[in-house]
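Residue numbers (this note's numbering): 27 to 357. Here's the structure, in structure tokens; my notes come after.
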Amino acid sequence: MKIILPTAGRGTRLRPHTHTKAKSLVHVGGKTVLEHIVSRLAPLAAEEYIFINDEDNGPQVMEFMARRFPDLKTSAVVQQERLGPAHAVSLASERIKPGDDVLVVFNDTIFVTDLERIPEICADCDGLIYSKEVEDYQRFGVNVVKDGFIVDMVEKPDTPVSRLAQVGLYYLKDGQGFMDYLKKTIDAGETVKGEYYLPSVFMNMIRDGLKFKAPEIDAWLDCGKPETLLETNRYLLRERHHVHGEAQGCVLVEPVHIEEGASVRDSIIGPNVSIAAGTRIRGSIIRDSIINAETEVSDLILSNSIIGDSVTLHGTPRKMNIGDHSLIEME
């Protein structure tokens, strides 16, 4: 199996956290988004991980992979023009050989599902377009299923023709055949607002008689926006309480993840807080937040916050003289 990971893109919805780093290297739940994804792919024992990068963030991504996953075979292709997801995936074509099956994984989301069941689920079809049932189906491209197979795909439907949203995880038995369909779709100029998208490719395949299923994943964890990144942090920290760093004179309200090399003193931390390596926190109260690496926080109250790398935040203790029956709200 070859795994294709399109990681190009500016990550504008996550700014300012993506001004200086790739969106896949943002921390959540004690790891980078990319580390969460690759760790979930490990049981597949893939032959190669093919990254579709841009010129700005590609070196960061490949350096991270070499440091964190040195035993995995990786390669990189640079996407010079941003012409959409299908175009990005097509750039891996030279790495796909006859007999290769392919898994495409987009890096805006962390998935929870058993990928080792792929051979079983895909025994009687040509590919899998993983899905998740959602209430707000109007926001997504959805798979329309009949008799167990996908018969149509609708982008942001007005009516509930389906609630099975596509989650950015795709498996193709015939990787080289898939690359051929990508090329045909691009050569035919089948664009939406100037970009090439995968549903056009899959619908061409379905019209030619290929069969796809839409297996539902257990959890779909969005990492594309600050508010959803915090939701994902809460989910990933469920039933996980890891203190690998230093915590002295602290009250820790589970779940909390403090990485090795972080130092927290005289503070109340949690619930739902992840603190990266090299960070120092003193005299603070922090809940529902992500604190990235090499940051210093002192004398602050933080909630629902994301603090980047190498940030210094110093607050000031307040002196108050408040009478009876007072109501004070500090926003």
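Every residue gets a Cβ at the ideal spot worked out from N, C-alpha and C, and that includes glycine. Remember, predicted model here, so these are calculated numbers, not experimental data.
- Under the three-pair Cβ rule at 8 Å, the stretch 134–151 does not count as touching the stretch 213–230.
- Sorting V187, G153 and V177 by C-alpha distance to the C-alpha of E159 places V187 at the top.
- Going by beta carbons, A34 and N79 fall inside the 8 Å limit.
- For the stretch 108–190, the continuous alpha helix (DSSP H) assignments of 4+ residues that do not extend past its boundaries occur at 111–116 and 144–147, in sequence order.
- Take the alpha-carbon of D350 and the one of M356: they are about 18 Å apart.
- Pairing E285 with H270 gives a Cβ-Cβ distance under 8 Å.
- Distance from the Cα of E181 is smallest, within the candidate group V193, R41, K199 and K172, for V193.
- In this structure, DSSP gives Q86 a helical state, which the three-state scheme calls helix.
- In this structure, F238 and G153 form a Cβ contact; the two beta carbons are roughly 5 Å apart against a cut-off of 8 Å.
- Residue pairing by DSSP puts L328 in a beta bridge opposite I312.
- For T211, the uninterrupted alpha helix (DSSP H) segment begins and ends at G201 to D213.
- In the DSSP secondary-structure assignment, L339 is bridged to V323.
- Sixteen is the threshold: when 16 or more other Cβ atoms of the shown chains lie within 10 Å of the Cβ of H283, as they do, the residue is buried.
- A straight-line Cα-Cα distance of about 10 Å links K219 and L109.
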